[in-house]
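Visitor: As given, the protein sequences belong to chains U and S, one line each in that order. Just so we're aligned, residue 6 is where the first sequence starts under the working numbering, counting upward by one. Just so we're aligned, residue 6 is where the second sequence starts under the working numbering, counting upward by one.
Protein chains: 2
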Amino acid sequence: MPPKKATDQLQTTCATCALTQFCLPMGLTERELKDLEALVKHRRIFSRGEILHQPGDFFQNFYAIRAGAVKSVTINTAGNEQVFGFYLPGEVIGFEAISTQKYPHSIIALTETSICELPFTHLMQMSKTHSGLQHQLLALASQRLTIDTCIHFTDTQQRVIAFLLNVSARLNRSAGLKRIFDLPMSRHDIGNHLGLAMETISRIIHHLKRQGLLAVHHRSIELLKIPALKALATGNK
Amino acid sequence: MPPKKATDQLQTTCATCALTQFCLPMGLTERELKDLEALVKHRRIFSRGEILHQPGDFFQNFYAIRAGAVKSVTINTAGNEQVFGFYLPGEVIGFEAISTQKYPHSIIALTETSICELPFTHLMQMSKTHSGLQHQLLALASQRLTIDTCIHFTDTQQRVIAFLLNVSARLNRSAGLKRIFDLPMSRHDIGNHLGLAMETISRIIHHLKRQGLLAVHHRSIELLKIPALKALATGNK
DNA sequence: CGATCATTTGATGTAATTCAAAACTGGTGG
DNA sequence: CCACCAGTTTTGAATTACATCAAATGATCG
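Below, the structure is given as structure tokens:
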């Protein structure tokens with residue numbers, strides 16, 4: 006199967022972008038939704054490895070991911086990369102930058118990625134009159150605060166399983182876990198994000214495969230025994 | 006020196022609570038600030054070990070920490086505790102709960118802790134007319150998203166140093182690092198939060214002490230060589 | 001189709017966990 | 001006020017699990 010291009014997947018997402026999609030259930034009127042869509046500045050496509058912005062860049066826009074995936078990273082003075090997190094379709098980049106007015110991380114495309122640019126000041130202006138939008142912005146920031154629970158697990162295997170389940174859930178949003186999916190990031194990125202060596206990720210996934218809990222072929226994952234995986238992730242050995 | 010009680014420290018904080026304090030620089034008028042102060046529902050004191058709320062409790066209030074400290078935890082089915090984070094004076098609990106309408110974690114007082122309850126619906130209502138408040142709520146959520154960078158370090162020592170510097174900075178807010186301070190949490194909590202064993206925390210801190218980088222007596226810390234500590238935390242060995 | 005990058009797999013060393021016990025705290029009541 | 005007790009922290013020794021190094025295999029892309 007050839008790799009899907011971002012443009013192929015757009016049909017399955019909303020007409021404009023993730024933000025308007027998520028504003029839909031917030032009870033915006035037709036008119037309000039049209040206002041929001043009119044606010045979208047650019048729709049852009051980034052290729053694998055391209056940089057959306059750098060740390061220190063002045064914060065002007067949210068980036069709503071329509072298709073693809075990016076990683077959020079910093080590079081310290083010793084040249085070591087730090088993977089802070091990932092953004093998947095439907096997720097919005099930029100909340101970390103509000104308090105300082107500057108983006109704190111580099112955002113780098115992991116695959117071909119399609120995004121919408123949403124000017125922050127316009128959104129704030131608009132949310133004065135559209136109270137649903139005001140709540141929605143806080144709700145999206147709120148989601149982001151609880152999205153990354155796998156980090157906090159002490160046990161290594163738990164962390165990896167929780168990460169896989171996390172990505173699976175985020176790729177399916179409303180509808181529970183996605184059983185079959187492709188990991189958009191490398192083992193290296195996963196390891197860096199979870200504080201583990203790339204090889205350890207590889208070995209743990211292999212171990213889960215041998216136990217028959219999941220099928221895996223490089224970056225494609227099929228969750229076979231979801232209840233068992235959930236049990237392991239929550240610490241029931 | 007006897008341990009300070011929460012009530013002793015209140016004089017050094019704002020007249021009402023952390024939220025109004027942080028709204029001050031946002032350009033609220035006298036009138037707006039009075040409205041905000043009127044909105045504060047309760048001021049309460051919790052003793053060490055008391056629970057502010059449990060996971061699943063219906064989200065109604067933000068809790069602004071005036072003095073003291075709390076930890077944010079969950080307990081999984083196997084009975085293992087997970088420390089997600091800490092809230093120090095000036096920080097506001099509740100943003101994680103906006104999207105689901107329920108608090109995701111237990112909040113437990115680590116020392117005697119004084120808080121303000123701020124009803125969420127009232128804040129939202131008020132921010133319709135006070136745009137500074139609207140921005141301030143997003144800015145506080147934004148801060149929270151970037152507050153916990155120490156988690157992401159791969160190297161163990163880096164994680165511990167970054168944690169200490171993080172707490173030091175948060176205890177001093179605007180004015181850089183606090184050189185002398187007390188850790189409000191146990192070694193056990195630090196270890197759990199950083200994904201390390203309690204003994205490892207103890208040993209690493211001891212090691213830093215022997216190197217003359219800091220002075221430590223149980224929970225009291227004095228940072229002696231801040232530039233060196235910063236360099237170690239950012240990966241320059 | 002060959003070059004490059006990503007992943008897997010194996011062998012080895014080391015660093016962190018675990019288990020255990022001692023030292024130190026803070027709090028309580030005699 | 002001092003002695004005792006529970007909880008916390010420190011320290012030590014042994015084990016285990018993870019990182020590291022290295023090489024081979026497998027994808028991907030020009």
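Every residue, glycine too, gets a C-beta built ideally from N, C-alpha and C.
(1) Would H140 of chain S count as contacting chain U if we go by Cβ distances under 8 Å?
(2) Drop a sphere of 10 angstroms on the beta-carbon of N177 of chain U, count the other beta-carbons inside from all chains shown, and report buried for 16 or more, exposed for fewer.
(3) Quick check: the segment 78 to 95 of chain U against the segment 124 to 132 of chain U, are at least 3 beta-carbon pairs closer than 8 Å?
(4) Do three or more CB pairs link the segment 95 to 102 of chain U to the segment 142 to 152 of chain S at distances below 8 Å?
(5) Against M129 of chain S, what residues of chain U qualify as contacts under a CB-to-CB distance less than 9 Å, listed in chain order?
(6) Starting from the C-beta of P189 of chain U, find all residues in its chain whose C-beta is less than 6 Å away, skip the five residues before and the five after it, and write them out in chain order.
(7) Is Q59 of chain U near the ligand GDP, in the sense that its beta carbon is under 7 Å from a heavy atom of that ligand?
(8) Can you tell me which residues form a DSSP beta bridge with T79 of chain S?
(9) Spell out whether any CB of chain U is found under 8 Å from the CB atom of I156 of chain S.
(10) In chain S, what lies closer than 7 Å to E101 of chain U by C-beta?
(11) Starting from the beta carbon of S132 of chain S, find every residue of chain U whose beta carbon is closer than 8 Å, and list them in chain order.
(12) With a threshold of 8 Å, are at least 3 pairs of Cβ atoms found where one atom belongs to the segment 165 to 176 of chain U and the other to the segment 49 to 68 of chain U?
(13) Using the Cβ count rule (16 or more neighbours within 10 Å means buried), how would you classify K76 of chain S?
(14) Less than 8 Å between the C-beta atoms of A233 of chain U and Q163 of chain U, yes or no?
(15) Excluding the five sequence neighbours on either side, which residues of its own chain have a C-beta within less than 7 Å of the C-beta of H223 of chain U, listed in chain order?
(16) Ordered along the chain, which non-local residues of its own chain (more than five positions away) have a Cβ less than 7 Å from that of V221 of chain S?
(17) Using CA atoms only, rank isn't needed, just tell me which of U:R175, U:S111, U:G181 is closest to T151 of chain U.
(18) With DSSP as the reference, identify every bridge partner of H211 of chain S, one or two as the case may be.
(19) If you follow the alpha helix (DSSP H) that T161 of chain S is part of, which residue opens it and which one closes it?
(20) If the cut is a Cβ gap below 8 Å, which residues of chain S does F265 of chain U touch?
(21) According to DSSP, simplified to helix, strand and coil, what is S132 of chain S?
Guide: So, from the data block:
(1) By this cut-off, H140 of chain S is an interface position.
(2) Exposed: under 16 other Cβ atoms inside 10 Å.
(3) With contact defined as three or more Cβ pairs closer than 8 Å, the segment 124 to 132 of chain U and the segment 78 to 95 of chain U are not in contact.
(4) A contact exists between the segment 95 to 102 of chain U and the segment 142 to 152 of chain S.
(5) What M129 of chain S touches in chain U: S136, Q139, H140, L143.
(6) Taken in chain order, the residues that qualify are A74, L115, T116.
(7) The ligand GDP is absent from the structure shown, which contains no ligands of any kind.
(8) In the DSSP assignment, the residues bridged to T79 of chain S are S:Q87.
(9) I156 of chain S counts as touching chain U.
(10) Neighbours of E101 of chain U on chain S, chain order: S147, L150, T151.
(11) The contacting residues are Q139.
(12) Cβ pair count under 8 Å is below three, so no.
(13) By the beta-carbon neighbour count (other beta carbons within 10 angstroms, threshold 16), K76 of chain S is buried.
(14) Q163 of chain U is positioned such that its CB atom lies no closer than 8 Å to that of A233 of chain U.
(15) Once the five neighbours on either side are set aside, H223 of chain U has no close Cβ partner at all.
(16) Excluding residues within five positions, the ones whose Cβ falls inside 7 Å are I210, K214.
(17) That would be U:R175, whose Cα lies nearest to the Cα of T151 of chain U.
(18) Residue pairing from DSSP leaves H211 of chain S without any beta-bridge partner.
(19) Counted as a single uninterrupted DSSP element, the alpha helix (DSSP H) harbouring T161 of chain S occupies residues 161 to 177.
(20) No statement about residue 265 of chain U is possible, as the shown extent of chain U runs from 6 to 242 and does not include it.
(21) If DSSP states are grouped into helix, strand and coil, S132 of chain S belongs with the helices.
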